[in-house]
Amino acid sequence: MTGRVHVTATINGEPRDFLCEPRQSLLEVLRDGLSLTGAKEGCNNGNCGACNVIMDGRLVNSCLVLGVEAQSCAITTIEGLGTPDGLHPLQQKFLEHAALQCGVCTPGFIVSAKALLDARPNPSEHEIRWWLAGNLCRCTGYDKIVRAVQDAA
Numbered sequence: 134m135t136g137r138v139h140v141t142a143t144i145n146g147e148p149r150d151f152l153c154e155p156r157q158s159l160l161e162v163l164r165d166g167l168s169l170t171g172a173k174e175g176c177n178n179g180n181c182g183a184c185n186v187i188m189d190g191r192l193v194n195s196c197l198v199l200g201v202e203a204q205s206c207a208i209t210t211i212e213g214l215g216t217p218d219g220l221h222p223l224q225q226k227f228l229e230h231a232a233l234q235c236g237v238c239t240p241g242f243i244v245s246a247k248a249l250l251d252a253r254p255n256p257s258e259h260e261i262r263w264w265l266a267g268n269l270c271r272c273t274g275y276d277k278i279v280r281a282v283q284d285a286a
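Numbering (this note's numbering), first residue to last: 134 to 286.
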């Protein structure tokens, strides 16, 4: 067993320090170490998007990033969207369009959509579908999700 590594990062706008194993994924650190359980473990190989977070402005699968790679990075998880007083506009549009069912994929879709709208505030339907192609949903389907993102833009 190797020694744990001290990491300092900004998570959801707050400076955070944590210890992690050298081979521990960022997803494991977020969920098990920091109790940020919004990112989900769906496939653990980067295919489903349920664990997506924004890291230094880039959308990443947190299951494929090592926790130690978060050193000095700014990370936004689903918990970093919205406030105690209200939902983020994307979250609100997902509710209004009934773009969720079981909820396992929803955080990943919303974080992905946030990254898209940060990069392209007024995307076409084609761009939305292309951007969200890395997220899988087995319950809701994709049309309601695409409409929610279009409405939030």
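For every residue, glycine included, the Cβ atom is placed at its ideal position computed from N, Cα and C.
Note that the coordinates shown come from a computational prediction; the quantities given were computed from them, not determined experimentally.
L199 versus N145 - alpha carbon distance: Residue numbering aside, residue 199 sits at position 66 when the sequence shown is read from its first letter. Residue numbering aside, residue 145 sits at position 12 when the sequence shown is read from its first letter. The straight-line gap from Cα to Cα measures roughly 18 Å.
Neighbourhood of D189 by C-beta, 7 Å cutoff - its chain only, sequence neighbours within 5 removed: For the purposes of this step, residue 189 is taken as residue 56 along the sequence shown, with counting starting at 1. Taken in chain order, the residues that qualify are C206, A207.
Selected residue, minimal CA-CA separation from R280, among V186, E258, W264, L160: Counting from 1 along the sequence shown, the entry for residue 280 is found at position 147. It is E258 whose Cα lies nearest to the Cα of R280.
Residue(s) in a DSSP beta bridge with L199: The residue labelled residue 199 in the question sits at position 66 within the sequence shown. In the DSSP output, where bridge partners are listed per residue, L199 has S158.
Rounded C-alpha distance that separates S245 from R156: Here residue 245 is taken as the residue at index 112 of the sequence shown, counted from 1. Here residue 156 is taken as the residue at index 23 of the sequence shown, counted from 1. Using only the alpha carbons, I get a separation of about 25 Å.
Length of the line joining the Cα atoms of N178 and L159: Indexing the sequence shown from 1 puts residue 178 at position 45. Indexing the sequence shown from 1 puts residue 159 at position 26. One C-alpha to the other measures close to 13 Å.
Closest residue to C181 among A248, K247, G241, C272 (Cα-Cα distance): Position 48 of the sequence shown, counted from the start, is the residue given in the question as residue 181. The shortest Cα separation from C181 among A248, K247, G241, C272 belongs to G241.
Element boundaries [alpha helix (DSSP H), containing D276]: For the purposes of this step, residue 276 is taken as residue 143 along the sequence shown, with counting starting at 1. Taken as a continuous stretch (DSSP letters only), the alpha helix (DSSP H) holding D276 covers 276–285.
Contact check, C238 vs C196, beta carbons under 9 Å: Walking along the sequence shown from the start, residue 238 turns up at place 105. Walking along the sequence shown from the start, residue 196 turns up at place 63. No, the Cβ-Cβ distance between C238 and C196 is not below 9 Å.
Entirely enclosed alpha helix (DSSP H) segments - the stretch 224–282, minimum 4 residues: 239–252, 258–264
Closest Cα partner of T143 within the set G136, A203, T170, G166: Taking the first residue of the sequence shown as position 1, residue 143 is located at position 10. Comparing Cα positions, the closest option is A203.
Residues bridged to D150 [DSSP beta-bridge criterion]: Locating residue 150 in the sequence shown gives position 17, where the first residue counts as 1. In DSSP, D150 forms a bridge with T141.
First and last residue of the uninterrupted beta strand (DSSP E) at I208: Here residue 208 refers to the residue found at position 75 when the sequence shown is read from its first residue. Unbroken beta strand (DSSP E) run through I208: 207–209.
Delimiting residues of the beta strand (DSSP E) encompassing L169: Translated into the one-based positions of the sequence shown, residue 169 becomes position 36. No beta strand (DSSP E) contains L169, which DSSP labels as neither H nor E.
Nearest-angstrom Cβ-Cβ length linking E212 and L169, presumed shorter than 8 Å: Here residue 212 corresponds to residue number 79 of the sequence shown, with the count starting at 1. Here residue 169 corresponds to residue number 36 of the sequence shown, with the count starting at 1. E212 to L169, Cβ: 5 Å. Contact.
Pair within 9 Å by beta-carbon distance, L163 and T216: Position 30 of the sequence shown, counting from 1, holds the residue named residue 163. Position 83 of the sequence shown, counting from 1, holds the residue named residue 216. No, the Cβ-Cβ distance between L163 and T216 is not below 9 Å.
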